[in-house]
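Asker: Structure below; questions to follow.
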Amino acid sequence: MACVIAREVRDGETVAVGTLAAIPACGVLLAHFTHAPRATVIIINHPDYWPFRGGSKEFYDFAQRGKLDLFFLSGGQIDRHGNLNLITVGDHDRPDVRFPGGAGAAMLYYLPHRVVVFRADHSPRIFVERVDTVTSPGSTPSDVVRPGGPWKTVTPLCVFRYDRGSAALVVESLHPGVSREELGRRTGFAPTYDGAAGVTPEPTDAELELLRTRVKDTVARIYPRFAMTAFAR
Amino acid sequence: MPVRGHVGSDYERLRPEFRVIQNPWAPSERVMLVPSISPDVALIHAIAATEDGMLLLDHMEDDALLAQASRTVVASTERVVSSQELRRSGEGVILEGIHVTALVEAPGGALPTLVRGAYALDADRIREYIAAATDDATFKRYLDRHIYG
Numbered sequence: 002m003a004c005v006i007a008r009e010v011r012d013g014e015t016v017a018v019g020t021l022a023a024i025p026a027c028g029v030l031l032a033h034f035t036h037a038p039r040a041t042v043i044i045i046n047h048p049d050y051w052p053f054r055g056g057s058k059e060f061y062d063f064a065q066r067g068k069l070d071l072f073f074l075s076g077g078q079i080d081r082h083g084n085l086n087l088i089t090v091g092d093h094d095r096p097d098v099r100f101p102g103g104a105g106a107a108m109l110y111y112l113p114h115r116v117v118v119f120r121a122d123h124s125p126r127i128f129v130e131r132v133d134t135v136t137s138p139g140s141t142p143s144d145v146v147r148p149g150g151p152w153k154t155v156t157p158l159c160v161f162r163y164d165r166g167s168a169a170l171v172v173e174s175l176h177p178g179v180s181r182e183e184l185g186r187r188t189g190f191a192p193t194y195d196g197a198a199g200v201t202p203e204p205t206d207a208e209l210e211l212l213r214t215r216v217k218d219t220v221a222r223i224y225p226r227f228a229m230t231a232f233a234r
Numbered sequence: 202m203p204v205r206g207h208v209g210s211d212y213e214r215l216r217p218e219f220r221v222i223q224n225p226w227a228p229s230e231r232v233m234l235v236p237s238i239s240p241d242v243a244l245i246h247a248i249a250a251t252e253d254g255m256l257l258l259d260h261m262e263d264d265a266l267l268a269q270a271s272r273t274v275v276a277s278t279e280r281v282v283s284s285q286e287l288r289r290s291g292e293g294v295i296l297e298g299i300h301v302t303a304l305v306e307a308p309g310g311a312l313p314t315l316v317r318g319a320y321a322l323d324a325d326r327i328r329e330y331i332a333a334a335t336d337d338a339t340f341k342r343y344l345d346r347h348i349y350g
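Top to bottom, those sequences are chains A and B. Numbering-wise (our numbering), the first sequence opens with residue 2 and increments by one. Numbering-wise (our numbering), the second sequence opens with residue 202 and increments by one.
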């Protein structure tokens, strides 16, 4: 997943990673240490990658000014139409499940030019036909200020592309060893496929080596437990 | 105050106090307005403070903003220092004492969360807190052991 995310980072862009986003942090750093040395990298609360002195307010204001090219979001539920739910499942006032809340997700899905949605597990409970509560809609009417929006969704099974025309997720590639049958079984909606849908390229040896050394050491500053457990060979 | 985004999400349904208006400077656009939050009391913890309430705060947190939004601000601090020493500090941001109602010297006052440069977050203690907070009796034992003890 980190290697797939790294390929979405373009050199020279301003790229930000929010809270509880260790995998995007790895992907962005991998890109920064390889093909995107001139990217401006922002990783919330990282001592070396947090260029603000005015708390999270300064970051949110920066994002609201439209200064981010790429950002990452996730969801407790993610649906076919790219809607994200970070609030509740079931009746809002008597919920079956309460997620942590949107924080800035209802702004950060609109303003960064491209948003990559990530989720480290893939099941029919997460990838649903229709989210119970829309924290961040995939699409909005034309009279809403929205310079950016969903771009890709990256999971342990596949990469979806967000198709603006149909306002829906479309499978761009399946990861090596994942069949269409398996993806269908583990997704709560029937996936649709790009005509050219193929297999996600494997990480290279050089990428893996860099992930297990410099990237791991850098994310350990803010994700020590993740760094200890996620890089097993 | 206006916020970008949000229009078209369920916040419009779930938060009736949020209003959607035409942007007066670009009438073809709709934008969301949210009411400001004005807490009666804010409790914040400073890395250091002077006797007259000037605070050195963590630059990664929003404590300075919270203090300015609140009617009453009670600050606790790791230590009380001179204003010269406070101003020499390279890390953190300074909040002037005009925003502060009362000050308490309380070393370790942020535990089990962290004060950058002084002590780290205590993850085991936070787990203990979460477990204890599920019922009054266990929570009282937590308070007796770690706060009053």
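Just so you know, even glycine gets a beta-carbon here, dropped at the ideal spot from N, CA and C.
Out of L85/A, L30/A, I6/A, A231/A, point me to the one whose CA is closest to S210/B's CA.
Answerer: Taking only the C-alpha atoms, the option nearest S210/B is L85/A.
Asker: Closer than 7 Å, Cβ to Cβ, to anything on chain B: give me those residues from the region 141–154 of chain A, in chain order.
Answerer: The region 141–154 of chain A vs chain B, Cβ under 7 Å: T141, P142, D144, V145, V146.
Asker: At which residues does the alpha helix (DSSP H) containing S143/A begin and terminate?
Answerer: Premise fails: S143/A is in no alpha helix (DSSP H) and is neither H nor E.
Asker: To the nearest angstrom, report how far apart L71/A and S284/B are at their CA atoms.
Answerer: Taking the straight line joining both Cα atoms gives about 42 Å.
Asker: Looking at L322/B and T314/B, is the spacing between their C-beta atoms short of 8 Å?
Answerer: It is a contact, given that the beta carbons lie within the stated cut-off.
Asker: G185/A to G67/A, Cα distance in whole Å?
Answerer: Rounded to the nearest angstrom, the two C-alpha atoms are 36 Å apart.
Asker: With distances taken Cα to Cα, identify the nearest neighbour of I327/B among L215/B, G293/B, R214/B, A311/B.
Answerer: Ranking the options by Cα distance to I327/B, first place goes to A311/B.
Asker: DSSP three-state call for A7/A: helix, strand or coil?
Answerer: Helix.
Asker: For a test of the three-state rule: what should DSSP assign to R346/B, helix, strand or coil?
Answerer: Helix at R346/B.
Asker: Apart from the five residues just before and just after G293/B, which ones in its own chain have a Cβ nearer than 7 Å to its Cβ?
Answerer: Once the five neighbours on either side are set aside, the close Cβ partners of G293/B are I248, L257, L258, D259, H260.
Asker: Go through its chain and collect everything with a Cβ distance to D133/A's Cβ below 7 Å, but skip five positions before and after it.
Answerer: Counting only Cβ-Cβ distances below 7 Å, and skipping sequence neighbours, we find Q78, N86, T89, V90, G91.
Asker: Return the chain-ordered list of same chain residues with a C-beta closer than 8 Å to the C-beta of Y343/B, the five sequence neighbours on each side being excluded.
Answerer: For Y343/B, where only same-chain residues beyond five positions count, the Cβ hits under 8 Å are E329, Y330, A333, A334.
Asker: When burial is assigned at 16 or more other CB atoms within 10 Å of the CB, is D264/B buried or exposed?
Answerer: Classification for D264/B: buried.
Asker: Measure how close the beta-carbons of G28/A and F128/A come, nearest whole angstrom, since I'm counting them as under 8 Å.
Answerer: Their Cβ separation, rounded to whole angstroms, is 20 Å, which puts G28/A and F128/A out of contact at 8 Å.
Asker: What are the residues in the region 311–333 of chain B lying within 8 Å of chain A by C-beta distance?
Answerer: From the region 311–333 of chain B, no residue has a Cβ closer than 8 Å to chain A.
Asker: At a Cβ threshold of 8 Å, is Y212/B touching chain A?
Answerer: Yes, Y212/B counts as interfacial toward chain A.
Asker: Thinking C-alpha only, which one of I223/A, P204/A, Y110/A, V135/A is nearest S214/B?
Answerer: The residue asked about is misnamed: residue 214/B is Arg in this sequence, not Ser. Of the candidates I223/A, P204/A, Y110/A, V135/A, the one whose C-alpha sits nearest the C-alpha of R214/B is V135/A.
Asker: In the DSSP assignment, find the unbroken alpha helix (DSSP H) run with H33/A in it and report its ends.
Answerer: H33/A -> alpha helix (DSSP H) spans 23–33.
Asker: Does the count of Cβ pairs from the region 222–229 of chain B and the region 51–69 of chain A closer than 8 Å reach three?
Answerer: The region 222–229 of chain B is not in contact with the region 51–69 of chain A.
Asker: I want to see whether chain B comes within less than 8 Å of R81/A, judged by CB atoms only; does it?
Answerer: So no, R81/A is outside the interface.
Asker: Starting from the beta carbon of V135/A, find every residue of chain B whose beta carbon is closer than 7 Å, and list them in chain order.
Answerer: The answer, in chain order, is S210, D211.
Asker: Relative to the alpha-carbon of V275/B, which residue among E230/B, G291/B, A307/B has its alpha-carbon at the smallest distance?
Answerer: The shortest Cα separation from V275/B among E230/B, G291/B, A307/B belongs to A307/B.
Asker: Rounded to whole angstroms, what is the Cα-Cα separation between A207/A and R213/A?
Answerer: When rounded, the distance between both Cα atoms is 10 Å.
Asker: What would DSSP say about D12/A, mapped onto helix, strand or coil?
Answerer: D12/A falls in the coil class under three-state DSSP.
Asker: Report all residues from its chain with a CB closer than 7 Å to the CB of H36/A; omit the five preceding and five following residues, and keep chain order.
Answerer: Excluding residues within five positions, the ones whose Cβ falls inside 7 Å are D12.
Asker: Is the shortest distance between the beta-carbon of E218/B and the beta-carbons of chain A less than 8 Å?
Answerer: Judged by the 8 Å Cβ criterion, E218/B is not in contact with chain A.
Asker: Just the C-alpha distance for L287/B and A270/B, rounded to the nearest angstrom, thanks.
Answerer: If you take the alpha carbons of L287/B and A270/B, they lie about 23 Å apart.
Asker: So that I know if they touch, is there some Cβ in chain A lying closer than 8 Å to that of E252/B?
Answerer: No, E252/B does not count as interfacial toward chain A.
Asker: With contact counted as at least three CB pairs below 8 Å, one residue from each stretch, are the region 42–53 of chain A and the region 210–226 of chain A in contact?
Answerer: With a cut-off of 8 Å, the region 210–226 of chain A and the region 42–53 of chain A count as touching, because enough Cβ pairs lie within range.
Asker: Take E218/B as the anchor and find which of R231/B, M202/B, E230/B, S229/B has the nearest alpha-carbon.
Answerer: Of R231/B, M202/B, E230/B, S229/B, the residue nearest in Cα terms is M202/B.
Asker: Looking at the unbroken alpha helix (DSSP H) that takes in T219/A, where does it start and where does it end?
Answerer: Note, T219/A: alpha helix (DSSP H), 217–220.
Asker: Does the Cβ-Cβ distance between H114/A and G149/A come in under 8 Å?
Answerer: Yes, Cβ-Cβ distance for H114/A and G149/A is below 8 Å.
Asker: Which chain A residues sit within Cβ distance under 7 Å of M261/B?
Answerer: Result: N46, W51, G56.
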